[in-house]
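Structure first, then comments.
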Amino acid sequence: MSEQATAAGTEQAPARGRGRGRRPADEVRADVLRTAGELLLAEGIADLTFERVARLSGVSKTTLYKWWPSKGALALDGYFHAVQHTLAFPDTGDIRADLRDQLRAFVHLMTTTPAGRILAELIGQSQTDPDLAVAYRTLYSSERRRLAAERLRAAQEAGQVRDDVDVQVVVDQLWGAVYHRLLVPDEPVTEAFADALVQNVLTGITRP
Numbered sequence: 001m002s003e004q005a006t007a008a009g010t011e012q013a014p015a016r017g018r019g020r021g022r023r024p025a026d027e028v029r030a031d032v033l034r035t036a037g038e039l040l041l042a043e044g045i046a047d048l049t050f051e052r053v054a055r056l057s058g059v060s061k062t063t064l065y066k067w068w069p070s071k072g073a074l075a076l077d078g079y080f081h082a083v084q085h086t087l088a089f090p091d092t093g094d095i096r097a098d099l100r101d102q103l104r105a106f107v108h109l110m111t112t113t114p115a116g117r118i119l120a121e122l123i124g125q126s127q128t129d130p131d132l133a134v135a136y137r138t139l140y141s142s143e144r145r146r147l148a149a150e151r152l153r154a155a156q157e158a159g160q161v162r163d164d165v166d167v168q169v170v171v172d173q174l175w176g177a178v179y180h181r182l183l184v185p186d187e188p189v190t191e192a193f194a195d196a197l198v199q200n201v202l203t204g205i206t207r208p
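According to the UniProt record's numbering, the stretch in the sequence shown is residues 1 to 208, in order.
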């Protein structure tokens with residue numbers, strides 16, 4: 001389905017009925033994040049507004065402003081909600097395969113869907129939007145780092161990674177390299193690049 005078709009379908013979706021009584025907060029929040037994520041991936045951050053999200057999710061703008069201090073913070077939260085299942089970290093017991101598969105999934109998402117462009121926009125806007133900058137660090141960046149670090153620590157416990165390795169540095173070496181190519185596109189971001197990163201980190205580049 002094209003981005004335009006997705007956007008049109010989202011725009012025409014009726015607000016969900018409230019029924020009798022007040023909906024649980026987690027249900028309301030899930031509707032908002034789903035709506036924001038769909039709009040964001042279909043149209044980008046420029047066309048995302050509190051008014052549209054409120055109308056399409058059936059939630060008042062007052063509630064949105066209470067939960068998200070800026071459009072950027074709402075966009076980041078919606079983005080994370082939209083991609084979190086795709087970027088879930090596997091644990092098959094084979095750290096090399098798991099790192100490769102996760103990096104490949106990340107590369108695929110960033111290069112073949114609107115998610116890569118959206119993430120670059122969010123990172124750019126976070127330089128001038130303090131609320132978005134905080135949301136990026138606490139929600140997206142910290143959460144992504146946590147998942148990767150937990151998998152690497154499990155590999156340390158299994159004896160697949162040396163105990164003296166700083167797993168946070170490994171996260172920077174692998175995912176940081178992909179982010180660099182996404183933001184400074186001098187070289188392509190490909191699965192072969194992801195595989196080479198894993199190979200270099202786990203095997204090393206110097207002769208024994």
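Note that CB positions come from ideal geometry on N, CA and C, so glycine has one too. Remember, predicted model here, so these are calculated numbers, not experimental data.
Rounded to the nearest whole angstrom, the C-alpha separation of Val165 and Val198 is 15 Å.
Of the other Cβ atoms in all chains shown, 16 or more fall within 10 Å of the Cβ of Lys71; this residue is therefore buried. Spatial neighbours of Thr111 in its own chain (CB-CB distance under 6 Å, excluding positions within 5 residues in sequence) are listed in chain order as Val189. Going by beta carbons, Leu64 and Ala54 fall inside the 7 Å limit. Annotation: the continuous alpha helix (DSSP H) that includes His108 extends over 95 to 112. Of the candidates Ala196, Ile95, Asp172, Ala133, the residue whose Cα lies closest to the Cα of Gln160 is Ile95. By the C-beta density criterion, His85 is exposed, having fewer than 16 other C-beta atoms within 10 angstroms.
In the three-state scheme derived from DSSP, where H, G and I count as helix and E and B as strand, Asp195 is classed as helix. When only Cα atoms are considered, Ala154 and Lys61 end up about 43 Å apart.
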